[in-house]
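**Q**
Number of protein chains: 2
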Amino acid sequence: MPVRTRTPLHERLLASAFGAGGRFATAAEFQDWLARAASRTSMETRRVPLAGLTGWRADERTGDLRHHSGRFFRVHGLDVRLPQQVVPSWSQPIIDQPEIGVLGILVKEIDGTLHCLMQAKREPGNHNGVQLSPTVQATRSNYTRVHQGRAVPYLEHFRDAAGPGVIADIRQSEQGAWFYRKRNRNMVVEAAGDVEAAEGFCWLTLGQVHRLMAVPDLVNMDARTVLACLPLAGPGLARSRPPGGFLDTLARSYDPAAGSHHPTGEILRWITEMRTSTDLHTRPRPLGDLPGWRHADGAITHDSGRFFGVIGVSVRAQGREVAAWDQPMIEPVGTGVVAFLVRRIDGVLHVLMHARAEPGYADVIELAPTVQCVPGNYDLLPDAARPPFLGLVLAARPPEVRYDTILSEEGGRFHRARNRYLVVETTEDLSHPEYRWVAQHQIAELLRHSFYVNVQARSLYVCLTSLVTAPHAEP
Amino acid sequence: MPVRTRTPLHERLLASAFGAGGRFATAAEFQDWLARAASRTSMETRRVPLAGLTGWRADERTGDLRHHSGRFFRVHGLDVRLPQQVVPSWSQPIIDQPEIGVLGILVKEIDGTLHCLMQAKREPGNHNGVQLSPTVQATRSNYTRVHQGRAVPYLEHFRDAAGPGVIADIRQSEQGAWFYRKRNRNMVVEAAGDVEAAEGFCWLTLGQVHRLMAVPDLVNMDARTVLACLPLAGPGLARSRPPGGFLDTLARSYDPAAGSHHPTGEILRWITEMRTSTDLHTRPRPLGDLPGWRHADGAITHDSGRFFGVIGVSVRAQGREVAAWDQPMIEPVGTGVVAFLVRRIDGVLHVLMHARAEPGYADVIELAPTVQCVPGNYDLLPDAARPPFLGLVLAARPPEVRYDTILSEEGGRFHRARNRYLVVETTEDLSHPEYRWVAQHQIAELLRHSFYVNVQARSLYVCLTSLVTAPHAEP
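Chains as they are written, first to last, in my numbering: chain A, 549 to 1023; chain B, 549 to 1023.
1. Count the other CB atoms, across all protein chains shown, that sit within 10 Å of the CB of Q875 (chain A); report buried if there are 16 or more and exposed otherwise.
2. What does R537 (chain A) touch in chain B if you count any residue whose Cβ is under 8 Å from its own?
3. In chain order, what residues of the segment 816-837 of chain A put their CB closer than 8 Å to some CB of chain B?
4. Give me the Cβ distance between V885 (chain A) and V941 (chain A), rounded to the nearest whole Å; I'm assuming they're in contact under 8 Å.
5. What residue range does the alpha helix (DSSP H) around H993 (chain A) cover?
6. Between D894 (chain A) and E976 (chain A), what straight-line distance do the alpha-carbon atoms span, to the nearest angstrom?
7. Can you look up T661 (chain A) in the DSSP assignment and give me helix, strand or coil?
8. DSSP three-state label for I819 (chain B), please.
9. Quick check: the Cα distance between V1003 (chain B) and R609 (chain B), rounded to an integer number of angstroms?
10. Of the choices A:V896, A:A739, A:G939, A:T820, whose alpha-carbon is the least far from that of L915 (chain A)?
11. Mapping DSSP to helix, strand and coil, what is W1024 (chain B)?
12. In whole angstroms, what separates the C-alpha of L1015 (chain B) from that of L795 (chain B)?
13. Is the segment 703-711 of chain A close to the segment 734-746 of chain A, with three or more CB pairs under 8 Å?
14. Quick check: the Cα distance between A887 (chain A) and S788 (chain A), rounded to an integer number of angstroms?
15. Output yes if chain A places a C-beta closer than 7 Å to the C-beta of H705 (chain B); else output no.
16. Which residues in the same chain have their Cβ closer than 6 Å to the Cβ of L780 (chain A), if we skip the five residues on either side of it in sequence?
17. Can you tell me where the alpha helix (DSSP H) holding S1014 (chain A) begins and where it ends?
18. May I have the straight-line CA-CA distance separating L752 (chain B) from L798 (chain A), to the nearest angstrom?
19. Pull up the distance between the alpha-carbon of R614 (chain B) and that of I643 (chain A), whole angstroms please.
20. By the 9 Å beta-carbon criterion, what residues does the segment 774-795 of chain B contribute toward chain A?
21. At the 7 Å Cβ level, is I878 (chain A) part of the contact set with chain B, yes or no?
22. Mind listing which residues of the segment 985-997 of chain A have their C-beta closer than 9 Å to chain B's C-betas, in chain order?
23. Spell out a yes or no on whether the segment 677-686 of chain B and the segment 751-770 of chain B are touching, meaning 3 or more CB-CB pairs, one atom from each, closer than 8 Å.
24. Using only alpha-carbon positions, find the residue among B:A606, B:T589, B:S590, B:M591 that is nearest to P597 (chain B).
25. Please report how far the alpha carbon of F962 (chain B) lies from the alpha carbon of N925 (chain B), in whole angstroms.
26. Using a cut-off of 7 Å between C-beta atoms, extract the partners of I648 (chain A) located in chain B.
27. State the CB to CB distance for the pair A668 (chain B) and A585 (chain B), rounded to an integer number of angstroms; the pair is presumed to be in contact (CB under 8 Å).
28. Rounded to a whole number of angstroms, what is the C-alpha to C-alpha distance between T589 (chain A) and S721 (chain B)?
29. F733 (chain A) versus chain B: which residues are under 7 Å apart at the beta carbon?
30. So A585 (chain B) is in the alpha helix (DSSP H); what residue range does that whole segment cover?
31. Identify the continuous alpha helix (DSSP H) that holds Q756 (chain B) and give its terminal residues.
32. Helix, strand or coil for Y802 (chain B)? Go by DSSP, reduced to three states.
33. Mapping DSSP to helix, strand and coil, what is S998 (chain A)?
34. Given this structure, state the Cα-to-Cα distance separating A565 (chain A) from T1013 (chain A), to the nearest angstrom.
35. Which runs of the beta strand (DSSP E) at least 3 residues long sit entirely within the segment 667-693 of chain B? Give them in chain order.
36. Could you tell me which uninterrupted beta strand (DSSP E) segments, each at least 3 residues in length, are contained entirely in the segment 867-905 of chain A, listed from first to last along the chain?
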């Protein structure tokens, strides 16, 4: 009897990304499913004063916000010093959630093609109700069975995952401006046996998920960061296309053999240099005593009205069961801009990555998009504080704009946090000591390790990759 | 005029490793130089009670040992919990030295061959006086010019290093059992212009340094960890040798194309799994109140007499100038065993690496040698606590022992800390959930990143590599 050799994982991922298959024949069919899934659940998020949050209390001495159980997360204050920067020090509230959670996508072959089990999920911070989420978003308390309570569906596939069924498993940071050293495991696991899609879940090919990246506020942040950790890069992404075009160049840029402007070793040495030369100092500080922040109208806001606030919400969710809870959330002021400036160098697409320090990072610096800011925040700051390249991005003419979609950030902790995600092509040889041109395949290589590529850059990496796999007219 | 193309770095490193050149024609010439360098300096290290250390005092409240300037380092206590282990919790003293220092080797082409600028250096903890050290061992206070004081020779080459002259620059941890989150930059920098070897310094080819790895207590720990971070691995290490022998297999194992028992992605996912599933908790605790430890005879020792002690020393050094200082040091009880079990798998040499938790690691787990312990420490512990594979290593017959040399640990903080470094070949397919077979080229790949490979494993990696480049009779 012949040995049954399995197709290599990488080819199966490519087939799922490029293949026409999938449970939904058309985009309209998927939208119908999503609307039906949404109609079976509801969630009401009502603003309430922080002092009135059931189950939460401000510590008498510090004013820090904690859940009475000691679980979930805590909001405290932080003093930040970054002496080499234009704004060399500030204080701010920050979310402390030290538990390492799991963000997991379960995959399975259906009719010979890998499918991702995605979930139509409401979060209190979503401005639009349901978003497309990974199979599982669970805290460590969930997955180590420390506490009882409603089981998280499909969690067992990730909790006991081991061996070749684990396709990706890598810890990554999340927003370092709002989370203090938060890390989640980003996992993709192939199901060993039969798995049924429960209500609210559906099987999509990788190509179908990629196409949905073009829809505003649909694929949620948790799904994007997991997708970024999938080992999809390689020569196989280059398919027949009009040669020499942007998409052709992009597709070839996932192949390490395509070369790069800086050798990877040089990029790594530069990261070491930036991590050791950047003096980032943080010190917890009582939330009740934060210079520049006021407690008024049941929330904590900055005196300038800018940046973000800490608000309270009361949530009432209805689906198969009813649940209600209160919680604090971070609410940003204004919509941000998150942009890659990209450039073709010797036929390989490179991104101008920023070695960015954020107070909540585990290791000082992560590689961030070229631009990552809320432009309005800089109105009150000196001109020198205005982010480099922001003007260039906002002035881009339509043919240079390769991707432009509003996407939401995590709706479980952030209230209506949205960013305009942009990829803008330039032909200028831009240079700045805190920035380097990094090839797509180098970003892919860095994504195999923890804490090199920040969550915004991981999202944009997926946005770019979605252009390769989705049918797309060359502009 | 033809463009002068430079030989690629990798080939220049190989030429330095395999070439016959070098300033010393024979080993005897080098030993003469070393003896002369040693004779021009002296250092006297005298034990003194901790309470009598000039410039140091025990904090009134905690008993923690600090320098009056607040600089250098601090010795405090630590509570450690590792609930899944045989010994699930303990308390211990630990050295806290948060500054990131530089360990740097300056290299330069002499007569067309790269040479390393090495230093004959005394440290108070060295049992044998002078050891061969990197060009520079400097704290951050040194290299950021925060304080005045005697300039560290050659430091300017590392402080202002940038661009292609930087051959290696990577932060790595040091002993996680004795240092709390200590990290040093491991740098190799090629000098831009002419550099003279000052008194006590000499130029050696990489091959010459490798050959000295066979001499007990000669190449110091700082030099070994920097050498481990040199990008020497690749197909070029395979040279003509009796095919199929141990050295032939070893030499071929530095080539990523040679393959590996586990794909690298699987090793990385296993590290993620071990880092997230290992519950390591540490909490600082006053040094004056450590259960199981006694303050007696001017030192801090464990009640059992095992493990290590904190002692005080008074140092008087004489060279071109006279210097004298007092300091606390960690003094281990007994000589340790640090061993790789290696095995040829499909013609590629693999090391059985241990995912080891140590309280001082920045990220819970690092890959450690198969065995790393002081055997005597286990006499008082339950049998289950005895390290796996220790018996196998100690029972190895001579032909299986591929490397066996006593080497010293850092003499600036540790008093006469020595380990027997062993490489033992096995044909057994050993398996244990905390261990994985990792190919030499995979260790090399992990060494491009921070905090994957611990300091003892980095030393043994260099010991193994030295067998490839040094002329050596196949056993």
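Virtual Cβ for every residue (Gly too), placed ideally from N, Cα, C.
These numbers were taken from a predicted model, which means no experiment stands behind them.
**A** Let's see:
1. Looking up residue 875 (chain A) in the first sequence gives position 327. Looking at its Cβ environment, which holds 16 or more other Cβ atoms inside 10 Å, Q875 (chain A) is buried.
2. Residue 537 (chain A) is absent from the model: chain A starts at 549 and stops at 1023.
3. L816, R817, T820, E821, R823, T824
4. In the first sequence, counting from the first residue as 1, residue 885 (chain A) sits at position 337. In the first sequence, counting from the first residue as 1, residue 941 (chain A) sits at position 393. Indeed, because the Cβ distance is near 7 Å, the residues count as touching under 8 Å.
5. To locate residue 993 (chain A), count along the first sequence from 1; it is residue 445. The sequence as given places Glu at residue 993 (chain A); His does not occur at that position. E993 (chain A) -> alpha helix (DSSP H) spans 988-994.
6. For this step, residue 894 (chain A) is matched to residue 346 along the first sequence. For this step, residue 976 (chain A) is matched to residue 428 along the first sequence. If I take the Cα positions, the gap works out to 14 Å.
7. Within the first sequence, residue 661 (chain A) is the residue found at index 113, counting from 1. It is a strand residue.
8. One-based indexing of the second sequence puts residue 819 (chain B) at position 271. DSSP places I819 (chain B) in helix when its eight states are reduced to three.
9. Counting from 1 along the second sequence, the entry for residue 1003 (chain B) is found at position 455. Counting from 1 along the second sequence, the entry for residue 609 (chain B) is found at position 61. Approximately 34 Å, taken between the alpha carbons.
10. By one-based count along the first sequence, residue 915 (chain A) stands at place 367. Checking every option, the nearest Cα to that of L915 (chain A) belongs to A:T820.
11. Only positions 549 to 1023 of chain B appear in the structure, and residue 1024 (chain B) is not among them; the question remains open.
12. Here residue 1015 (chain B) refers to the residue found at position 467 of the second sequence. Here residue 795 (chain B) refers to the residue found at position 247 of the second sequence. For L1015 (chain B) and L795 (chain B), the distance between alpha carbons rounds to 7 Å.
13. yes
14. Here the question's residue 887 (chain A) lines up with position 339 in the first sequence. Here the question's residue 788 (chain A) lines up with position 240 in the first sequence. C-alpha separation (whole angstroms): 28 Å.
15. The residue given as residue 705 (chain B) occupies position 157 in the second sequence. It does not; no Cβ of chain A falls within 7 Å.
16. Locating residue 780 (chain A) in the first sequence gives position 232, counting from the first residue. Hits under 6 Å: L561.
17. In the first sequence, counting from the first residue as 1, residue 1014 (chain A) sits at position 466. That run of the alpha helix (DSSP H) goes 1003-1017.
18. Numbered from its first residue, the second sequence carries residue 752 (chain B) at position 204. Numbered from its first residue, the first sequence carries residue 798 (chain A) at position 250. Between L752 (chain B) and L798 (chain A), the C-alpha separation is close to 46 Å.
19. To locate residue 614 (chain B), count along the second sequence from 1; it is residue 66. To locate residue 643 (chain A), count along the first sequence from 1; it is residue 95. One C-alpha to the other measures close to 33 Å.
20. P779
21. The residue you call residue 878 (chain A) lines up with position 330 of the first sequence. So, not an interface residue.
22. R996, H997
23. yes
24. Here residue 597 (chain B) refers to the residue found at position 49 of the second sequence. It is B:A606 whose Cα lies nearest to the Cα of P597 (chain B).
25. For this step, residue 962 (chain B) is matched to residue 414 along the second sequence. For this step, residue 925 (chain B) is matched to residue 377 along the second sequence. F962 (chain B) and N925 (chain B): Cα-Cα distance of roughly 18 Å.
26. For the purposes of this step, residue 648 (chain A) is taken as residue 100 along the first sequence, with counting starting at 1. T824, listed in chain order.
27. Working through the second sequence from its first residue, we reach residue 668 (chain B) at position 120. Working through the second sequence from its first residue, we reach residue 585 (chain B) at position 37. Yes, A668 (chain B) and A585 (chain B) are in contact; Cβ-Cβ is about 4 Å, under 8 Å.
28. Position 41 of the first sequence, counted from the first residue, corresponds to residue 589 (chain A). Position 173 of the second sequence, counted from the first residue, corresponds to residue 721 (chain B). Whole-angstrom Cα-Cα distance: 50 Å.
29. Translated into the one-based positions of the first sequence, residue 733 (chain A) becomes position 185. Reading off the sequence shown, one finds Arg at residue 733 (chain A), where the question assumed Phe. Those are T820, T824, listed as they occur along chain B.
30. As a working note, residue 585 (chain B) is residue 37 in the second sequence. First-last of the alpha helix (DSSP H) with A585 (chain B): 575-587.
31. Here residue 756 (chain B) refers to the residue found at position 208 when the second sequence is read from its first residue. Note, Q756 (chain B): alpha helix (DSSP H), 754-760.
32. Locating residue 802 (chain B) in the second sequence gives position 254, where the first residue counts as 1. Y802 (chain B): coil per DSSP, three-state reduction.
33. By 1-based counting over the first sequence, the position of residue 998 (chain A) is 450. Looking at S998 (chain A) - three-state DSSP - the assignment turns out to be coil, as it is neither helix nor strand.
34. For the purposes of this step, residue 565 (chain A) is taken as the residue at position 17 of the first sequence. For the purposes of this step, residue 1013 (chain A) is taken as the residue at position 465 of the first sequence. Between A565 (chain A) and T1013 (chain A), the C-alpha separation is close to 10 Å.
35. 678-681, 684-686
36. 870-880, 884-893, 896-905
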